[in-house]
Each structure stands twice: as structure tokens, then as C-alpha cells.
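Structure first, commentary second.
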Amino acid sequence: MSKQIESIDILGHEAVVFGKYLLRQAPNEKVVELYRRAMSTTIVKPTPEDQKLLDFISKHTWSVGLIDGGLALLNTDSDVRRRIYTMLAITEAMPDYYDYYLPKKRSNWYLLSVAFVGIRGVLRTVFGAIVIKVIA
Amino acid sequence: MKILDYIVVGSGCSGAMSAQTLVEAGKQVTMVDVGATNPKYHDMVPEKDFITLRKTDPEQYRYLLGSEIEGVSWAQIGKGAQITPARKHMYKHADTHLRMDSKNFFPIESLGYGGAGIGWGVQCWEYSDADMRMAGLDPQKMSQAYETVARRIGISGTNDGTGKYTLGTLKTYQPSPKMDRNHKYIMGKYDKHLKYFQKLGLHMGRTPLALLTKDKGNRKAYAYQDMDFYTDKHRSAWRPWIAVDELRKNNSFTYIGGYMVKTFKEKDDYVELVCVNVDTGKEESFYCRSLILGSGVLGTARIVLRSLGAKKRLPILCNPYTYIPCLQPAMVGKEAEPGKMGFAQLSLFLDENNDNVDTSVASLYSYQSLMMFRVIKQIPFLSFTDARVLMQWLMPGLVIMGVHHPDKHSDNKYMELVPDKHSATGDSLKVHYELGAEELAELDRREKKMVSAMRKTGTFALKRINPGYGASVHYAGTLPFSDEEKSFTLARNGRLHGTKKVFVADSSGFEYLPSRGVTFTLLANAHNVAEGVLAHGS
Chain A
1 MSKQIESIDI LGHEAVVFGK YLLRQAPNEK VVELYRRAMS TTIVKPTPED QKLLDFISKH
61 TWSVGLIDGG LALLNTDSDV RRRIYTMLAI TEAMPDYYDY YLPKKRSNWY LLSVAFVGIR
121 GVLRTVFGAI VIKVIA
Chain B
137 MKILDYIVVG SGCSGAMSAQ TLVEAGKQVT MVDVGATNPK YHDMVPEKDF ITLRKTDPEQ
197 YRYLLGSEIE GVSWAQIGKG AQITPARKHM YKHADTHLRM DSKNFFPIES LGYGGAGIGW
257 GVQCWEYSDA DMRMAGLDPQ KMSQAYETVA RRIGISGTND GTGKYTLGTL KTYQPSPKMD
317 RNHKYIMGKY DKHLKYFQKL GLHMGRTPLA LLTKDKGNRK AYAYQDMDFY TDKHRSAWRP
377 WIAVDELRKN NSFTYIGGYM VKTFKEKDDY VELVCVNVDT GKEESFYCRS LILGSGVLGT
437 ARIVLRSLGA KKRLPILCNP YTYIPCLQPA MVGKEAEPGK MGFAQLSLFL DENNDNVDTS
497 VASLYSYQSL MMFRVIKQIP FLSFTDARVL MQWLMPGLVI MGVHHPDKHS DNKYMELVPD
557 KHSATGDSLK VHYELGAEEL AELDRREKKM VSAMRKTGTF ALKRINPGYG ASVHYAGTLP
617 FSDEEKSFTL ARNGRLHGTK KVFVADSSGF EYLPSRGVTF TLLANAHNVA EGVLAHGS
């Protein structure tokens with residue numbers, strides 16, 4: 001029983017970390033609950049490498065973006081990516097966060113923002129790959 | 137032992153249509169079916185459009201992702217990518233009762249109430265006369281049957297410049313639904329460059345759909361709520377279960393659910409149908425004067441192989457399919473569009489010889505209601521936060537081309553039953569399907585030509601994705617038509633050679649599979665087979 005509670009708490013912490021990473025704000029309680037539910041019903045035991053990364057993210061929450069980016073290059077099927085992806089799907093289906101997902105009217109100047117995101121993304125991916133190698 | 141007059145096996149397109157023809161002729165009909173349902177999602181979707189629901193409904197995750205988030209799949213885009221939680225019952229029992237043994241063929245089969253028609257894209261192209269002849273069908277009889285089916289299910293279409301590829305000779309149809317901005321844009325550019333397209337043998341027009349734009353009986357005109365992947369609430373799109381629901385109100389029709397047909401045994405004056413109860417696993421028999429198999433091409437093949445000799449190797453046809461995400465730069469950065477729809481709106485035909493034979497066809501869809509999470513995995517080398525920003529900007533310009541090609545028999549396309557101790561029926565279907573180098577080169581050439589021409593419409597392919605053989609969900613040719621009384625072939629009226637009272641109502645008999653979706657034709661053929669059964673006498 002205590003093991004189960006401990007595992008639920010880990011999932012709750014994970015949900016908050018991934019939610020903050022995706023939304024730049026703490027996700028609401030419903031999102032955390034749904035993340036726990038999704039992870040409990042579709043448990044895939046992480047590989048030792050993935051577990052290392054999950055532990056690292058848990059302790060150093062700033063690293064989640066770098067590790068996500070690095071895995072997009074090194075191991076797209078990683079369980080870490082699967083978990084972030086599940087959180088993304090859950091937040092997409094929440095009215096509180098529709099603004100992050102439904103297309104919005106953008107002016108042509110928005111192209112500059114997209115270019116910035118692209119450059120940031122590439123840097124994240126490169127540095128993330130280095131961080132992953134170091135952790136490994 | 138009670139001997140029933142007519143038993144129809146399966147509630148999918150061919151089962152539903154043949155049963156309707158028999159019932160309308162005043163016959164007593166019993167349908168035997170597994171009929172898996174998922175009532176959990178039936179009335180869950182509120183009466184609002186997709187964008188309003190996204191902005192307001194705190195319970196939307198239930199129907200968009202599933203109550204247990206079971207609709208979020210980590211798998212790459214492939215077979216059944218558009219199957220949402222509300223339609224997942226399509227696959228119920230399939231793992232145990234429709235086992236498949238193949239390295240390269242991954243079909244979609246269903247034991248759901250309404251069969252694979254639960255997830256049908258409702259495209260209703262007529263085959264050309266030449267295509268029908270190659271498939272072994274009689275164009276004159278089929279033309280009448282298309283009309284009957286169109287009256288029953290309700291078809292919307294436009295007799296535009298591509299009428300010969302889409303509606304054919306059909307007279308009964310409602311106007312097409314309105315196009316969204318992506319498709320209006322494509323059509324506008326196509327009209328501007330019409331001569332260029334015609335020179336290449338490419339023709340674009342509205343896709344005929346089994347979708348009402350005017351009320352029909354208790355079914356309502358399409359309401360442009362863009363919830364087509366999640367609910368059939370208004371019954372605007374025809375599904376086989378809608379027909380079966382109507383039949384069940386008739387005293388001449390009996391529905392027996394929960395049974396999967398294993399074999400049949402023909403006696404002097406009746407047919408015994410041996411079934412497996414999917415809940416108990418026990419075998420039970422039903423008896424009838426005439427048996428009509430409408431259990432889908434692969435399901436029918438299983439039943440026939442078990443009944444007539446499991447060691448036989450049968451041929452198979454399946455439309456090769458490629459999934460091509462495209463981008464329309466002119467639409468990028470626009471806000472979400474209300475009133476979109478998830479069904480195909482335009483079709484692009486490649487008919488280089490201008491003879492309406494051996495064509496390839498691309499169906500065009502815009503992307504919105506399947507949500508961002510289904511496509512974001514495709515963005516390479518980016519973290520999910522960066523990919524999200526990019527996708528939010530790009531998504532209004534996302535257009536999907538689904539390209540189907542015709543298929544012919546070859547020695548490299550076959551299947552057989554093999555023992556399988558994990559299967560509820562004791563066997564699985566082993567399929568070998570391989571396209572030859574020449575075939576692959578030809579498909580590649582055609583796709584490149586279509587993709588290249590689409591650039592003229594301001595629509596640019598991002599990549600070509602092969603979801604694997606079998607993903608088109610169009611199967612045929614396992615028991616080809618024959619004028620000789622040969623085993624494992626069908627007479628032209630659908631009777632299984634070697635039997636007196638066993639008929640096959642699906643596309644098992646087709647000797648060729650044109651690129652245009654098979655469903656409308658198999659509905660028409662099922663009607664014709666039922667007429668043949670009536671002519672044959674019970």
C-alpha cells in the first residue's frame with residue numbers, strides 16, 4: 001500500500017514538472033489526476049537509461065526541456081518522451097489551456113517568433129544531447 | 137432444431153445491405169453477429185461544435201482522449217490513426233478472435249456492431265464500367281444497384297467536371313457539403329491551372345459522400361460541428377449499424393449478437409452454422425435454408441477455409457495506400473476555422489490514358505479535430521514545447537492527402553489458415569502480401585506526379601508515409617468470380633461454388649480492385665447478391 005502511495009506521489013510530481021514545462025505554469029489538479037490515471041493504466045517500465053533521465057529531471061527540473069530536445073535527436077521513442085507526450089495530450093484536452101493549442105490568427109511578423117523558436121529548439125536539441133550523454 | 141429461412145452473417149456494410157434487400161422483399165431474416173458496442177461514449181458528446189467544446193467543456197478529455205486516456209497512442213501514424221475512443225470497439229475481440237500472422241500485412245478487421253463501417257470515411261465513388269468489368273461485375277446491374285443503395289443511404293455529391301470519376305451515372309444525390317477554406321483555396325488554384333492538370337491526366341472534383349446535407353427520415357443534415365471522429369449523433373453520415381437499427385424495428389428481422397461464425401456445413405436441405413459464443417467460448421449452431429456471408433473479405437475467407445478445407449491458399453487484393461501530410465503556406469497562421477468537417481472534401485484522380493481505368497486517387501482532408509497531439513510526434517529534432525509553438529502556427533495549413541492505388545492479383549499476394557493455440561477459433565490468418573519492384577516503381581512515379589502537381593494549388597507535400605500493407609481497409613479477391621464450378625470461387629450471383637445455398641455478399645469475388653474506395657461498390661454488390669439469393673429461392 002505504502003509503495004503504491006509512493007508511486008502515485010512520484011507520478012504527481014512528474015505531472016507537475018511536465019505540466020510546468022509545457023505550459024509555463026503549474027497544471028491544474030485535474031491534469032495531475034489524469035496523468036496519474038494514464039500512467040497507471042498504461043505502465044511501461046522505463047529502461048535503466050530512461051529511469052536515470054527521469055530521476056535526473058525529478059531532481060533538476062530545469063533540465064526537462066534540454067532532455068526532451070536531446071531525446072528528439074537521440075531516442076525519439078524514449079519513455080521520457082512518451083510521458084511528456086501524454087501530458088501534452090491531456091493538457092490539450094483541457095479548456096483551461098486551449099489557447100496553447102488551438103490555432104490563433106498571427107501576423108506575418110510572427111514568423112520572427114517562429115524563427116526564434118526554431119533556433120532555440122535546435123540549441124536545446126544539441127545541448128540536450130550533450131546533457132543526456134553526460135548523464136549516461 | 138429450428139431451421140431459419142435466411143441467415144446473414146455480419147452487421148457491416150455488406151451484411152446490413154443484403155439483409156435490408158431481403159427484408160424489403162418480405163423475407164424472414166436473422167443476422168448473426170458479434171456486434172461489440174461501446175455505449176459509454178454514445179451520448180457523451182454535447183451538442184456543440186469542436187471549437188466551442190475545446191474552449192468550454194471540462195469533460196472533453198473523456199471523448200477526445202478516452203476516460204482512461206486510452207485514445208493517446210504513442211505508436212506512429214499507421215493503421216487506424218483516426219480511430220478515436222468512441223470507435224475503439226471496432227477492435228474489441230479482434231486480438232483473440234481475428235488473429236493475424238503476418239510480417240508485412242496489417243489489416244483492420246472488426247467484430248463491432250456495424251463492422252469496419254464504424255470507422256468508414258463515407259466516400260462513395262462509383263466504379264467506371266471498365267473497372268467493373270475488370271472486377272468481374274456487370275455494369276448494367278451495378279448501375280441499378282448503385283441507385284438503390286444511394287436512395288437508401290443518402291449520398292451528397294456534385295456533378296462537376298469529374299463526374300465520370302465520382303458520381304458516375306448516379307441520379308439520386310443531395311448537394312455536396314460546403315467546402316472549408318483549405319479546399320476552396322485548392323479548388324480555386326486547380327481551376328486556374330485546369331489545362332496544366334488536364335495535360336497531366338489529373339482531374340479534381342468534389343468527393344461523393346454518404347453524408348446528408350438535407351434531412352432524410354430520422355437522420356439529420358450535416359451540422360458542421362466537426363465532431364465526425366467522435367460521434368454519430370445526428371446520423372448524418374451513414375453507418376451500417378444505422379441500417380441494422382432500422383431493420384431491428386421490423387418483425388421480419390431478428391438480430392442475434394455475441395456469436396462469431398466459425399464454420400458452415402451444408403446438408404441436403406439446410407445449412408448448419410457453427411458459431412462461438414464470444415463470452416463463454418462455447419460452440420452453438422444455427423440452421424437456415426440460405427446463408428449469406430457478409431463478414432468482411434478476411435472474415436469470410438476464414439469461414440470458407442475452415443468449412444471447405446483449411447489447407448487451401450487464397451489470393452488477396454488490397455489497395456496500396458500512402459499517407460501524405462502537406463502544407464499550404466497561405467493558410468499558416470490563420471485562426472481555427474469553425475464549421476470544418478473531418479471527411480474528405482476533394483478527390484484528385486490520375487487517369488493518364490483518359491480512359492477511366494487503372495486510375496489512382498488522392499483524397500484530400502484538412503486537419504483540425506483530430507487535435508495537435510496526433511501529429512506533433514512527426515516533427516523531427518524538436519522538443520515538444522518548441523514543436524507545439526510551431527504546430528499551432530502550421531496546423532491551419534495542414535492538408536492530408538490519402539492516395540489509393542489499384543491492385544491486381546499476383547503470386548506474391550496470398551493467405552492461408554494456420555493453427556494458433558492462442559486464438560479462440562484455433563487458427564490465425566497468415567497473409568503474405570508483397571508488391572513487385574515494377575509495381576512499387578509505378579506507384580512511386582504516380583505519387584510523385586500527384587505531389588508535384590499539387591504544388592500548383594499551393595499545397596506542398598512534407599513527406600510520404602507508408603502505413604504498411606493492409607492499412608487501406610479495402611480488401612477483395614479472395615474467392616474470385618468464376619463461370620466454372622470451381623472450389624473457392626464464386627458464381628456471378630455470389631453463390632459459393634461447391635455449395636447450393638451459401639452466398640458471399642462482400643467483395644471477395646472481385647477479380648480486380650480499382651483505386652476508388654470499394655465500399656459503395658460492395659454495398660451495391662451486396663444488394664445484387666441478395667437479389668440473386670431471392671431469385672435462387674429459399
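As they're listed, the protein sequences go chains A and B. Residue 90 in the working numbering sits at position 90 of the first sequence, with consecutive numbering throughout. With the second sequence counted from 1, adding 136 to any position gets you the working numbering. Yeah, the Cβ is synthetic: ideal placement off N, Cα and C, and Gly gets one too.
Ranked by Cα distance from A:Val126, the first of A:Val80, A:Gly65, A:Ala15, A:Thr91 is A:Gly65.
By the neighbour-count criterion, in which 16 or more other beta carbons inside 10 Å mark a residue as buried, B:Gly255 falls on the buried side. Membership of B:Cys149 in the alpha helix (DSSP H) is indicated by the continuous run 149-160. Of the other Cβ atoms in all chains shown, 16 or more fall within 10 Å of the Cβ of B:Asp267; this residue is therefore buried. Annotation for B:Ser426: the continuous beta strand (DSSP E) segment containing it runs 419-429. Rounded to the nearest whole angstrom, the CA to CA distance from B:Ile428 to B:Asp296 is 38 Å. In this structure B:Tyr503 is in contact with B:Leu534, their Cβ atoms being roughly 4 Å apart against a cut-off of 8 Å.
Per the coordinates, the alpha-carbon of A:Gly70 lies some 29 Å from the alpha-carbon of A:Glu29. As the crow flies, the alpha-carbon of B:Trp529 is around 6 Å from that of B:Val468. When the five nearest sequence neighbours on each side are left out, the beta carbons in the same chain lying within less than 8 Å of the beta carbon of B:Arg375 are those of Gly250, Gly253, Ile254, Trp256, Asp368, in order along the chain. Residue-level contact check: A:Ile84 touches chain B, since one or more beta carbons of chain B fall below 8 Å from its beta carbon. For the segment 57-72 of chain A, the beta-carbon criterion of a distance under 7 Å to any beta-carbon of chain B is satisfied by Gly65, Asp68, Gly69, Ala72. Within the same chain, Cβ atoms closer than 6 Å to the Cβ of B:Leu659 are found at Cys149, Met153, Val285, the five residues on either side in sequence being excluded.
Between the beta-carbon of B:Val525 and that of A:Thr86 there is about 19 Å, and that puts the pair past the 8 Å contact cut. Taking the C-beta atoms as reference points, B:Met507 is found nearer than 8 Å to A:Glu92. In the three-state DSSP reduction, B:Met507 falls in the coil class, being neither helix nor strand. At a C-beta separation below 8 Å, B:Arg524 has these neighbours in chain A: Leu22, Leu88, Tyr100, Tyr101. Scanning B:Ala612, B:Gly613, B:Tyr611, B:Thr635 for the CA closest to the CA of B:Lys622 turns up B:Thr635. Taking a Cβ-Cβ cut-off of 7 Å, the neighbours of B:Ala472 in chain A comprise Leu102, Pro103, given in sequence order. Shown in chain order are the members of the segment 183-194 of chain B whose Cβ falls below 8 Å from a Cβ of chain A: Ile187, Arg190, Lys191, Thr192, Asp193, Pro194.
Between B:Ala597 and B:Cys462 a beta carbon distance of about 5 Å is seen, short of the 8 Å cut, so the two are scored as contacting.
With the rule of 3 Cβ pairs closer than 8 Å, the segment 437-446 of chain B does not count as touching the segment 465-479 of chain B. DSSP lists B:Ser292 as the beta-bridge partner residues of B:Gln310.
At least one beta carbon of chain A lies nearer than 8 Å to the beta carbon of B:Met507.
Cβ contact annotation for B:Tyr366 (same chain, cutoff 6 Å, sequence separation greater than five): Val181, Tyr199, Thr220, Ala222, in chain order.
Distances from the alpha-carbon of B:Cys260 to those of B:Met537, B:Phe656, B:Phe646 put B:Phe656 closest. Close to chain B, meaning a Cβ-Cβ distance shorter than 9 Å, are the following residues of the segment 107-128 of chain A: Ser107, Asn108, Tyr110, Leu111, Ser113, Val114, Val117, Gly118, Arg120, Gly121, Val122, Arg124, Thr125, Gly128. Look at B:Tyr501: its C-beta is not under 8 Å from any C-beta on chain A. Three or more beta-carbon pairs separated by less than 8 Å link the segment 46-62 of chain A to the segment 73-88 of chain A, which places the two stretches in contact. If you draw a 10 Å sphere on the C-beta of B:Leu348, you find 16 or more other C-beta atoms in it, and that means buried. Scanning chain B for C-beta atoms nearer than 9 Å to the C-beta of A:Leu11 yields nothing, as the closest lies near 13 Å away. At the C-beta level, B:Val567 and B:Phe241 come within 8 Å of one another.
Looking at the DSSP output, B:Arg355 sits in a beta bridge with B:Lys352. Taking the Cα of B:Phe617 as reference, the smallest distance to any Cα among B:Asp563, B:Asn661, B:Tyr282 is reached at B:Asn661. In this structure, the CA atom of B:Leu306 is about 38 Å from the CA atom of B:Lys398.
Looking from the CA of B:Ile601, the closest CA among B:Arg591, B:Thr614, B:Lys592, B:Val587 belongs to B:Val587.
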